[in-house]
Amino acid sequence: MTSETLPTTSTEVCFAGYPKDVVRPEHFTVRQTLVDEPGPGQVLVRNDFMTLAAAYRDQMTPATNIPIPVFQLGQPMWGRTVGTVVRSNSPNLAVGDLVEHFHGWREYAVGSAAEFHKRDRALLPGAEYYLTQGPTAWRGMVEMANVGDGDVVFVSGATSGVGSLAGQIAKLLGAKRVIGSTGSKSKAEYLLRECGFDAVFDYHDGPVVDRLRELAPDGINVFFDNVGGEQFEAAVAAAAPFARFALCGSLSGQLETGGSGGHPRLDLMTAIPKQLILRPFATYHTPEQIDGWNKQFSIWLRDGRIAFPHTIVPGGVADLPANFLALLERRFTGNVIAKLS
Ligand SMILES: NC(=O)c1ccc[n+]([C@@H]2O[C@H](COP(=O)([O-])OP(=O)(O)OC[C@H]3O[C@@H](n4cnc5c(N)ncnc54)[C@H](OP(=O)(O)O)[C@@H]3O)[C@@H](O)[C@H]2O)c1
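Each residue of the sequence shown is one higher than the last, beginning at 16 in this note's numbering.
Here it is, written out as structure tokens:
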């Protein structure tokens, strides 16, 4: 393969300040940097697509408990990215290879070949399909909640990257009814139309527990929680005996300034008699988790059984801060993927 001309500069986004509450443009700096020639054992990669996700908000908070390194002041930010090798000084990667890595928020990345994981261009319909939240959705729905035939499932934050796949996985593995919550009518319609949810409600429309009791009169057997707060408390109240809870995220606590979403109350005198099974979990994206999901995803896509709920945001690296702010304002649906090249 002919290698492209080596770029001399690369645009990158650096972390410029810890937000006290609301994230603002001044928390980011966009700058030009010189592109280094790769050294021995290194590669130079042109970044093609990068994930945008709520978790970056946690990485802007030094005291966060999430198991991902926080951003460092004055340093380039990082995040899950796929790109194309444009120079290689490693026998393990060739020019033109598709690679997944964490050197996001920049046009070009240089580093040891070991930091860049080769992906098969033929397995999935496009490079961006490697940036799903599928490993987490699978781990929660399958390994934590053990979803199966006849289950009545509730997914909170159902249009998030994780939630929009978790609901589909439940349906594909035999759930009888999948209910989702989201924050707008248009997103609710999207889940019904594109993702096969059986019922969706807008969490602004009155008490969540009332919506759940209407939509699941015999109770929910599986709860996949991305939101916490009121939605968690409502799921406890509306759960069937022995319901399994996969506790994935706390969007209301993570993204609402001063919100109590991260500290929902667990009503023990409801949870104990129902013998609820609560499984908080963290996905570390092991090679096995990633490969397992990508293979399963490719089969379901090939057979036309799953949708890839996603929004591609244009604008390249310079627009990443603005697009991340738009994500925090809930403007996107599904897995949010920034096009970088
Ligand atoms: N446990 C793990 O291993 C693991 C791994 C990855 C991610 N996570 C967690 O899983 C959750 C989902 O992650 P993601 O990357 O898929 O999210 P995402 O795509 O970034 O989610 C964005 C969506 O969250 C919803 N949202 C924002 N604020 C909300 C609020 N106050 N209440 C309810 N919904 C709100 C909005 O949808 P609406 O318009 O519908 O409100 C928004 O469009 C996050 O909590 C994340 O930290 C956990």
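Don't be surprised by glycine CBs; every beta carbon is placed ideally from N, CA and C.
A quick note: this is a predicted structure, and the numbers were derived from the prediction, not measured.
- By the criterion of a C-beta distance shorter than 8 Å, Ile292 is surrounded in its chain by Phe257, Ala258, Arg259 and Phe260, once the five residues flanking it on both sides are discounted.
- Counting only residues of its own chain and dropping the five nearest sequence neighbours on each side, Ala129 has no CB closer than 7 Å to any other CB.
- Val60 is positioned such that its CB atom lies no closer than 8 Å to that of Phe117.
- Going by beta carbons, Val28 and Met92 fall inside the 8 Å limit.
- With distances taken between CA atoms, Val45 lies nearest to Glu122 out of Glu122, Tyr145, Ser171 and Arg346.
- For Lys133, the pairing in a beta bridge is given by DSSP as Val114.
- With distances taken between CA atoms, Ile83 lies nearest to Tyr299 out of His219, Leu343 and Tyr299.
- Remark: the C-beta of Cys210 is outside contact range of ligand 1, defined as less than 7 Å to any heavy atom.
- Judged by DSSP in its simplified three-state form, Val125 adopts strand.
- Placement of the Cβ of Cys29 at a distance of 7 Å or more from every heavy atom of ligand 1 is found.
- Runs of the beta strand (DSSP E) lying entirely within the segment 155-196 and spanning at least 3 residues, in chain order: 167-170.
- Residue burial is scored here from C-beta neighbours: Leu108 has at least 16 other C-beta atoms within 10 angstroms and is therefore classed as buried.
- In the three-state reduction of the DSSP assignment, Ser267 falls in the helix class, which pools H, G and I.
- Across the structure, Leu67 and Asn350 are spaced so that their CA atoms are roughly 8 Å apart.
- Within the same chain, and ignoring the five residues on either side of Ala214 in sequence, the residues whose Cβ sits closer than 6 Å to its Cβ are Ile194 and Leu230.
- According to the DSSP assignment, Phe257 belongs to the beta strand (DSSP E) that extends over Ala254 to Leu262.
- Secondary structure at Glu27: strand, using DSSP grouped into helix, strand and coil.
- Three or more pairs of CB atoms, one per stretch, sit closer than 8 Å, so the segment 183-191 contacts the segment 159-166.
- Secondary structure of Gln246 (DSSP, three-state): helix.
- Check the Cα spacing between Ala297 and each of Asp282, Gly155 and Ser356: the tightest is with Gly155.
- The alpha carbon of Arg345 has as its nearest neighbour, out of Asp318, Gly176 and Leu316, the alpha carbon of Gly176.
- A contact between stretches requires three or more CB pairs, one per stretch, nearer than 8 Å, and the segment 49-63 meets this requirement with the segment 93-108.
- Bridge partners of Lys289 according to DSSP: none are assigned.
- In chain order, Ala185, Ala190, Val193 and Val237 place their CB closer than 6 Å to the CB of Val168, counting only its own chain and leaving out the 5 sequence neighbours on each side.
- Relative to ligand 1, the beta carbon of Leu293 is positioned no closer than 7 Å to any heavy atom.
- Placement of the Cβ of Thr197 at a distance of less than 7 Å from at least one heavy atom of ligand 1 is found.
- A distance below 6 Å between beta-carbons, with the five flanking residues on each side excluded, links Glu245 to the following residues of its chain, in chain order: Val223.
- Here Ile352 carries a strand assignment [DSSP, helix/strand/coil].
- Under DSSP, Asn62 forms a beta bridge with Gly98.
- In the DSSP assignment, Asn236 falls within the beta strand (DSSP E) that extends over Ile235 to Asp240.
- Taking all protein chains shown into account, Ala78 has fewer than 16 neighbouring C-beta atoms within 10 Å of its C-beta and is therefore exposed.
- Pro336 sits in a helix when the DSSP states are folded into three classes.
- Contact between Glu209 and Ala322 holds, with the beta-carbon distance rounding to 5 Å and staying under 8 Å.
- At the C-beta level, Gly149 and Phe312 come within 8 Å of one another.
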